[in-house]
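**Q** Sharing a structure with you now.
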Amino acid sequence: MADEEKTQAPSAHKIAKAREEGNVSKSPELAGFFILLVGLGAMFLLLPFWVEHSQKIFIHINSLITQEVDVRMLGDLMLSIGLEVFIMLAPLFVALMVTGIIANIAQFGLLLSPKAIKPKLSKINPITGIKNVISLKKLLDGFMITLKVFVAFIVGFAVFVSFFNELPSVSMSGLYGQILWFRQKALILIGVLLILFFIMAVSDYLIKRYQYIKSLKMSIKEVKDEYKQYEQSPEIKAKIRQMQQKIASNRMMQEIPSASVVITNPTHYAVALRYSEKEIEKGMPPVVVAKGIDELAIRIKGVAREYEIRIIENPPLARELYRQLDLNQAIPHDLFAAVGQVLQEVAYLDSLEGKNTMTEILQAAGAKAHQAQANTM
Numbered sequence: 075m076a077d078e079e080k081t082q083a084p085s086a087h088k089i090a091k092a093r094e095e096g097n098v099s100k101s102p103e104l105a106g107f108f109i110l111l112v113g114l115g116a117m118f119l120l121l122p123f124w125v126e127h128s129q130k131i132f133i134h135i136n137s138l139i140t141q142e143v144d145v146r147m148l149g150d151l152m153l154s155i156g157l158e159v160f161i162m163l164a165p166l167f168v169a170l171m172v173t174g175i176i177a178n179i180a181q182f183g184l185l186l187s188p189k190a191i192k193p194k195l196s197k198i199n200p201i202t203g204i205k206n207v208i209s210l211k212k213l214l215d216g217f218m219i220t221l222k223v224f225v226a227f228i229v230g231f232a233v234f235v236s237f238f239n240e241l242p243s244v245s246m247s248g249l250y251g252q253i254l255w256f257r258q259k260a261l262i263l264i265g266v267l268l269i270l271f272f273i274m275a276v277s278d279y280l281i282k283r284y285q286y287i288k289s290l291k292m293s294i295k296e297v298k299d300e301y302k303q304y305e306q307s308p309e310i311k312a313k314i315r316q317m318q319q320k321i322a323s324n325r326m327m328q329e330i331p332s333a334s335v336v337i338t339n340p341t342h343y344a345v346a347l348r349y350s351e352k353e354i355e356k357g358m359p360p361v362v363v364a365k366g367i368d369e370l371a372i373r374i375k376g377v378a379r380e381y382e383i384r385i386i387e388n389p390p391l392a393r394e395l396y397r398q399l400d401l402n403q404a405i406p407h408d409l410f411a412a413v414g415q416v417l418q419e420v421a422y423l424d425s426l427e428g429k430n431t432m433t434e435i436l437q438a439a440g441a442k443a444h445q446a447q448a449n450t451m
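Residue numbers (my numbering): 75 to 451.
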């Protein structure tokens, strides 16, 4: 049936679930390429450091020849040589380990999956194990590895053969010239192989990514079932409501700077009203731009203080405004007088500080109301 064919892209939930189980898209070859690249670079940078410590090792070895050695001295000598070898190799191992971690994190992010390391009986089932060993995917992976090694060998051999015509002239250039020639050709060979390995690694990453997405594809029925399951889930609904409330709250907070006054309980309720030229031109009364209780009320008052908006304590009015009105709703006629008194108080407090904004707004509102009354007569 068409519904059973897995033709749909995997949902975010299915990808997340696969990730929880440790099933992620990863390319060992891409990580291996960067480990090889960093390893070669680290070896080049560490060469002087290695020469210095190699000299110390030879000094320790020479001490065996120049003096009589007992068992205790031999033990100390082996410990010293071992320490020098550890000091030489530790930076390289650390660089390779860090590169491996970063290369994998770059592919699928930081992954901590207890389910991936949880023992499964199917993993120790010999029949299942044999099936995994001889599975088509394993055989294909083995074939691809063999093919890549063969291609790398052919390319490397072809580059090496291209140097043969230079051998007669190089043989006449002396030891120093031969060393320079060999170093130059070795760098060319390494460069060509690195480019080839990079192409292989990127190809492997893209193939692995395609196979991963394909393995997670869903049928139309699975998509419908998942949608029904999570659409009806109380947890998902609660999370959606929480996100919607957060978005609405943030949008409301952005409107507070346009408010004319914030009326408070003073501790539990806060309602921000706007009465500006915009409302006067439309012939509208003051409009609620923000409201909240408890913690949200505290946030509203905090934003109001930040933008120097008047905060007026009027508990009965604050409760009534909060109870009756929604956001962007104009105040009703029965609250005109109470709100008007608050706006008059704001105008008076502003005038004491030399501000006439609210006074001018109230005068403009009065003039418009008087004109409207005259027009109706």
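C-beta atoms are modelled at their ideal positions from N, C-alpha and C, and glycine is treated no differently.
This structure is a prediction, so every number in the text was calculated from the model and none was measured.
Given that a residue counts as buried once 16 or more other Cβ atoms are within 10 Å of its Cβ, and exposed if not, what is Tyr279?
**A** That one is buried.
**Q** Which same chain residues, not among the five before or five after Asn454, have their C-beta less than 7 Å away from its C-beta?
**A** Residue 454 falls outside the range modelled here, since the chain spans only 75 to 451, and no answer is possible.
**Q** Could you give the first and the last residue of the continuous beta strand (DSSP E) run that contains Gly366?
**A** Val361 to Ile367 is the span of the beta strand (DSSP E), which, as asked, contains Gly366.
**Q** Can you give me the C-alpha to C-alpha distance between Glu380 and Ile372, rounded to a whole angstrom?
**A** Cα to Cα, Glu380 sits roughly 12 Å from Ile372.
**Q** Compare the Cα-Cα distances from Leu114 to each of Glu419, Val413, Leu261 and Glu95 and report the closest residue.
**A** For Leu114, the nearest C-alpha among the options comes from Leu261.
**Q** Considering only the alpha carbon of each residue, which of Thr338, Ala275 and Glu300 lies closest to Pro389?
**A** Of Thr338, Ala275 and Glu300, the residue nearest in Cα terms is Thr338.
**Q** For Leu336, which beta-bridge partners are listed by DSSP?
**A** Before going on, a small fix: residue 336 reads as Val here, not Leu. Note: Val336 sits in a beta bridge opposite Ala346 and Ile385.
**Q** Rounded to the nearest angstrom, what separates Thr81 and Lys91 at their Cα positions?
**A** Answer to the nearest angstrom: the Cα atoms are 19 Å apart.
**Q** Say whether the segment 108-127 touches the segment 287-302, bearing in mind that this needs 3 or more beta-carbon pairs closer than 8 Å, one atom from each stretch.
**A** With the cut-off at 8 Å, the segment 108-127 and the segment 287-302 do not touch.
**Q** Opposite Gln316 in the DSSP bridges: which residues?
**A** DSSP, once it has assigned bridges, lists no residue as partnering Gln316.
**Q** Cutting at 6 Å between CB atoms, please list the residues of its own chain near Pro359, excluding the five before and the five after it.
**A** Taken in chain order, the residues that qualify are Ala404 and Ile405.
**Q** Would you kindly check if the distance between the Cβ of Val335 and the Cβ of Arg384 is under 8 Å?
**A** Yes, these two residues count as a Cβ contact at 8 Å.
**Q** Just tell me which of Ile354, Gly183, Ile435 and Gly366 has its CA closest to the CA of Tyr396.
**A** Ranking the options by Cα distance to Tyr396, first place goes to Gly366.
**Q** So is Leu214 buried or exposed if we call it buried at 16+ other beta carbons inside 10 Å?
**A** Burial call: exposed.
**Q** Just curious, the alpha helix (DSSP H) that Ala86 is in, first and last residue?
**A** Per DSSP, Ala86 belongs to the alpha helix (DSSP H) from Ala86 to Glu94.
**Q** Per DSSP, Gln82 is paired with what?
**A** In DSSP, Gln82 forms a bridge with Met292.
**Q** Contact between the segment 313-328 and the segment 115-135: three or more CB pairs below 8 Å?
**A** With the cut-off at 8 Å, the segment 313-328 and the segment 115-135 do not touch.
**Q** Who are the Cβ neighbours of Ala392 in its own chain at under 6 Å, not counting the five residues just before and after it?
**A** The answer, listed in chain order, is Ile337, Thr338, Asn339, Tyr343 and Val345.
**Q** Whose C-beta lies closer than 8 Å to the C-beta of Asn402 among residues of the same chain, with five residues either side of it excluded?
**A** Answer for Asn402: Val361, Val362 and Val363, listed in chain order.
**Q** Report, in whole angstroms, the separation of the C-beta atoms of Ile374 and Glu419, which I expect to be a contact under 8 Å.
**A** Not really, about 19 Å apart at Cβ, beyond 8 Å.
**Q** Return yes when the Cβ of Leu267 is within less than 8 Å of the Cβ of Gly230, no when it is not.
**A** Result yes, Cβ atoms of Gly230 and Leu267 sit closer than 8 Å.
**Q** Flag this pair as yes or no: are the beta carbons of Leu166 and Met218 separated by less than 8 Å?
**A** Cβ atoms of Leu166 and Met218: not closer than 8 Å.
**Q** Could you tell me the distance, in whole angstroms, from the CA atom of Leu35 to the CA atom of Gln252?
**A** Look at the range of the chain in this structure, 75 to 451, and you will see that residue 35 is not part of it.
**Q** From the DSSP output, which residues share a beta bridge with Ala404?
**A** According to DSSP, Ala404 bridges with Val361.
**Q** Does DSSP put Gly183 in a helix, a strand or coil?
**A** DSSP places Gly183 in coil when its eight states are reduced to three.
**Q** Tell me which residue opens and which closes the alpha helix (DSSP H) that Gly414 is part of.
**A** Its alpha helix (DSSP H) spans residues Phe410 to Leu426.
**Q** Please classify Asn97: does DSSP put it in a helix, a strand, or coil?
**A** DSSP places Asn97 in coil when its eight states are reduced to three.
**Q** Does the Cβ-Cβ distance between His127 and Glu300 come in under 8 Å?
**A** Taking 8 Å as the Cβ cut-off, His127 and Glu300 do not qualify as a contacting pair.
**Q** To which residues of the same chain is Tyr286 closer than 6 Å at the C-beta, ignoring the five residues directly before and after it?
**A** Excluding residues within five positions, the ones whose Cβ falls inside 6 Å are Ser99.
**Q** If you follow the alpha helix (DSSP H) that Pro331 is in, where does it begin and where does it stop?
**A** That residue, Pro331, is in no alpha helix (DSSP H); it is neither H nor E in DSSP.
**Q** Can you tell me whether Ala446 is helix, strand or coil according to DSSP?
**A** Only weak support is given to the placement of Ala446: the predicted model assigns it a pLDDT of 46, under 50, and the question is left unresolved by the model.
**Q** In chain order, what residues of the same chain have a beta carbon less than 8 Å from the beta carbon of Leu409, not counting five sequence neighbours either side?
**A** Hits under 8 Å: Leu391, Glu394, Leu395 and Gln398.
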